[in-house]
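Colleague: Numbering that gives the first Met the number 0 numbers the first residue of the sequence shown as 0 and each following residue consecutively. Glycine included, C-beta positions come from ideal geometry on N, C-alpha and C. Here's a structure for you.
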Amino acid sequence: MSDQKNLIIAIALSLAIMLGFQFFVDAPRQERMRAEQAAQKAAQVTTPADGSSAPTAAGQTPGLSAMPNVPGAPVVPGAAREAVVTQTPRVVIDGKRLRGSINLVGGRIDDVVLPDYKETLAPDSPAITLLSPAGSPHAYYAEFGWTAAPGDTTKLPGGQTRWSADREVLKPGETLTLRWDNGEGVVFTRAISLDDNFMFNVVQGVENNAGKPLTLFPYALLSRHGLPKTDGLYILYEGPLGVFRPKADEKGTMKEVPYGDLAKDKTSEFDSVGGWVGFTDKYWLTALVPGVEQNVKARFTHAGTAPAERFQVDWLGGGVAVPAGGKAASSSLLFVGAKQTELINRYEERHQIPRFDLAIDWGWFPYLTKPMFFGIHWLYGAVGNIGIAMLILTVVVKLLFFPLAYKSYVAMSAMKKLQPEMQRLRERHGENREAMQKELMELYKKEKVNPAAGCLPILLQIPVFFALYKVLYITIEMRHAPFYGWIHDLSAPDPTSWINLFGLLPYDIPAIFAVGGLLHILSLGIWPIIMGVTMALQMRLNPQPPDPVQQKIFALMPVVFTFMLGSFASGLVIYWSWNNLLSIVQQIIIMRRMGVKIGGGADPEAAKK
């Protein structure tokens with residue numbers, strides 16, 4: 000009965016991983032391919048050049064309005080982003096970690112490139128483009144402004160307003176001031192500064208010389224045209240998100256509204272004191288952060304139809320009184336960049352941004368994924384290689400779980416030692432399984448052996464495995480992190496394949512077997528094969544189940560795992576191989592101490608010692 004339980008556990012674990020692979024990888028990959036095709040079509044159709052919609056005030060209190068369709072000049076089919084950028088006057092952004100420009104028409108931050116990050120590992124790969132102006136394919140930009148209460152006819156700046164600037168280049172530590180006079184005695188200013196990383200500080204000012212008091216409502220928005228390309232995996236959230244606090248002394252609650260849900264519901268609204276809203280991608284984030292104590296109404300909105308649809312996140316602040324002859328201002332922050340863990344944490348502390356760390360999707364078990372990440376990151380600082388840091392951390396984890404693993408391996412060695420006696424019982428009782436099972440239980444009791452203890456190493460390894468998988472998949476620090484030899488990106492699958500003898504034959508892998516191809520699962524690289532071999536060797540050290548059918552199933556498990564994990568991140572496969580090797584060494588040492596031959600049965604020489 001114990002062997003049957005072990006078989007059920009093993010099959011359940013195998014099925015869980017196989018079904019998980021199909022559910023979390025294959026099915027979303029097909030959905031991702033369909034999304035990519037839609038995105039490609041979106042780049043070739045005519046879409047509105049100016050599709051943002053500023054939130055408006057209703058009555059005397061801040062409110063929200065539906066997003067109207069704003070007409071604009073159509074995009075020329077196939078128009079390049081660079082051509083659109085050059086059509087309007089701009090102030091150059093010359094940051095240490097981001098480059099681009101600010102559009103003086105509308106005063107938008109709509110051109111941001113991250114020179115530290117490339118799209119691929121190719122030497123001539125372009126840098127990551129994060130924001131693009133309205134009118135270009137996949138437009139994505141930030142806008143700030145004011146809105147007035149219904150009935151107030153004050154002329155306000157908008158998406159087509161031509162601002163003047165006091166400098167031509169914005170550098171870290173400097174302040175760019177935009178200015179616009181509405182011709183009715185009201186002057187609007189926008190002071191923009193940038194730190195050494197990815198955070199803009201935006202202060203909107205109003206100088207009222209109109210002879211009557213004004214009440215204006217500040218707003219900020221992020222507009223995204225077309226459905227963005229996402230990985231489509233359920234282990235990672237990509238889309239509109241925000242943290243909202245009903246009260247200033249509360250930590251806040253994360254809200255996520257996927258693109259598909261937003262396209263159906265059109266609008267989601269939230270009240271908050273401070274907080275933040277934004278769009279998150281796998282590695283990149285844009286976020287709008289109002290004042291810490293500012294009462295805001297935030298919303299996620301959708302307008303239009305695919306492929307010319309638009310997604311928007313924004314917040315609308317409370318009314319700001321501007322007396323006649325007086326001034327007023329409203330400040331906020333804009334994050335545009337990579338989701339670096341330490342940087343995100345520093346911003347959360349420095350600017351008191353509630354739960355800004357949740358911008359990184361640590362999953363349902365952050366108490367596993369976060370220590371895993373920080374452990375690797377700390378070791379990386381000491382050894383200078385993410386892969387080596389990961390291998391060292393595996394040793395540390397092994398040491399932490401050594402007492403439990405030791406008991407398990409002792410039980411497995413005891414089972415291995417008893418296999419000759421178990422075989423004699425099977426021969427003695429033949430088909431009388433009830434009698435054989437009874438004597439097996441007596442044998443286990445006599446030798447003080449727990450047959451279920453052998454499953455413990457696998458059960459301990461699975462949470463660590465998934466935590467490492469999450470870390471390798473979501474963190475920017477692991478992106479394009481090299482190991483040694485042919486592994487140039489630990490977050491990507493092993494690039495080699497048996498199909499061309501791991502690069503020895505002078506031809507490339509056919510597209511159908513390449514990453515993303517229909518038969519990629521059959522294209523095994525060197526490290527997946529190493530992992531399969533080490534797993535098979537480790538299972539040879541384990542006691543064999545009495546049933547021949549069970550033995551065949553267990554013998555197939557390394558093959559199944561090899562093909563399943565072959566398309567996973569190479570860092571994960573290297574970890575599994577290294578973990579198998581450590582387990583083999585540990586198990587051999589314990590078996591020898593217990594007088595068990597590696598091939599099975601008792602070792603007389605070891606027993607004498």
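To the nearest angstrom, report how far apart P171 and D194 are at their CA atoms.
Modeller: P171 and D194: Cα-Cα distance of roughly 5 Å.
Colleague: For G231 and W162, what's the separation of their Cα atoms in angstroms?
Modeller: Distance between the alpha carbons of G231 and W162 is about 40 Å.
Colleague: Since P88 sits in a beta bridge, which residues does DSSP pair it with?
Modeller: DSSP, once it has assigned bridges, lists no residue as partnering P88.
Colleague: Tell me E268's beta-bridge partners as DSSP assigns them.
Modeller: Paired residues: R298.
Colleague: Identify the continuous alpha helix (DSSP H) that holds F372 and give its terminal residues.
Modeller: From DSSP, the alpha helix (DSSP H) with F372 extends over P365 to V382.
Colleague: In terms of DSSP beta bridges, what is P149 paired with?
Modeller: DSSP lists no partner for P149.
Colleague: At the level of alpha carbons, what is the spacing between E348 and K551?
Modeller: Those two C-alpha atoms are separated by around 56 Å.
Colleague: Taking the C-alpha atoms as reference points, what is the distance between L523 and H350?
Modeller: In a straight line, the C-alpha of L523 is about 48 Å away from that of H350.
Colleague: Does the region 336–346 come into contact with the region 267–286, if we say contact requires no fewer than three beta-carbon pairs (one atom in each stretch) closer than 8 Å?
Modeller: The answer is yes - the region 267–286 touches the region 336–346, with three or more Cβ pairs under 8 Å.
Colleague: Compare the C-alpha of R80 against each of L103, S124, Y139 and W361 and name the closest.
Modeller: Ranking L103, S124, Y139 and W361 by Cα distance to R80 puts Y139 first.
Colleague: Within 8 Å, do at least three Cβ pairs link the region 235–248 to the region 320–334?
Modeller: No, they do not touch.
Colleague: From S653 to W275, what distance separates their C-alpha atoms?
Modeller: Nothing can be reported for residue 653: it is not among the residues displayed for the chain, which extend from 0 to 608.
Colleague: Quick check: V112 and L129, are their CB atoms within less than 8 Å of each other?
Modeller: Their beta carbons are under 8 Å apart, which means V112 touches L129 by this criterion.
Colleague: Quick one: residues in its chain with C-beta nearer than 8 Å to the C-beta of L63, no 5 flanking neighbours on either side, listed in chain order?
Modeller: Reliability fails at L63, whose pLDDT of 34 lies under 50, so the model's placement of it is uncertain and no value is given.
Colleague: What residues match up with S192 in a beta bridge as DSSP calls it?
Modeller: T174 and N200, per the DSSP bridge assignment.
Colleague: Using a threshold of 8 Å, state whether the C-beta atoms of P257 and G238 are closer than that.
Modeller: Against a cut-off of 8 Å, the Cβ pair of G238 and P257 comes out as a contact.
Colleague: Looking at the unbroken beta strand (DSSP E) that takes in T279, where does it start and where does it end?
Modeller: W275 to T279 is the span of the beta strand (DSSP E), which, as asked, contains T279.
Colleague: Is it buried or exposed, I588, if we count other Cβ atoms within 10 angstroms and call 16 or more buried?
Modeller: Its Cβ having fewer than 16 others within 10 Å, I588 is exposed.
Colleague: Answer yes or no: do E433 and L424 have a C-beta to C-beta separation smaller than 8 Å?
Modeller: It is not a contact, given that the beta carbons lie outside the stated cut-off.
Colleague: With three or more beta-carbon pairs closer than 8 Å as the criterion, would you say the region 565–577 touches the region 485–498?
Modeller: At 8 Å Cβ cutoff, the stretches touch.
Colleague: Quick check: the Cα distance between I127 and S407, rounded to an integer number of angstroms?
Modeller: Their backbone Cα atoms lie some 48 Å apart in a straight line.
Colleague: Starting from K117, trace the beta strand (DSSP E) in both directions and tell me its first and last residue.
Modeller: Here the beta strand (DSSP E) through K117 covers R107 to K117.
Colleague: Are the beta-carbon atoms of A320 and T146 separated by less than 8 Å?
Modeller: Against a cut-off of 8 Å, the Cβ pair of T146 and A320 comes out as no contact.
Colleague: When the Cα of I461 is compared with those of V396, K416 and I473, which residue comes out closest?
Modeller: I461 has its Cα closest to that of V396, out of V396, K416 and I473.
Colleague: Under a three-way DSSP split, which group does R98 fall into?
Modeller: The answer is strand: DSSP assigns R98 an E or B state.
Colleague: Tell me, please, whether the region 306–313 touches the region 210–229 by the rule of three or more beta-carbon pairs shorter than 8 Å.
Modeller: In short, these stretches touch, since the Cβ pair count reaches three.
Colleague: On a Cα-Cα basis, can you pick out the residue from Y233, A388 and R189 that is closest to P217?
Modeller: The shortest Cα separation from P217 among Y233, A388 and R189 belongs to R189.
Colleague: Going by DSSP, which residues form a beta bridge with Q351?
Modeller: Answer is none; Q351 lacks a bridge partner.
Colleague: Just list the residues that DSSP pairs W577 with in beta bridges.
Modeller: In DSSP, W577 forms no bridge with anything.
Colleague: What are the boundary residues of the beta strand (DSSP E) that W526 is part of?
Modeller: Careful: W526 lies outside any beta strand (DSSP E), inside the alpha helix (DSSP H) at I525 to L540.
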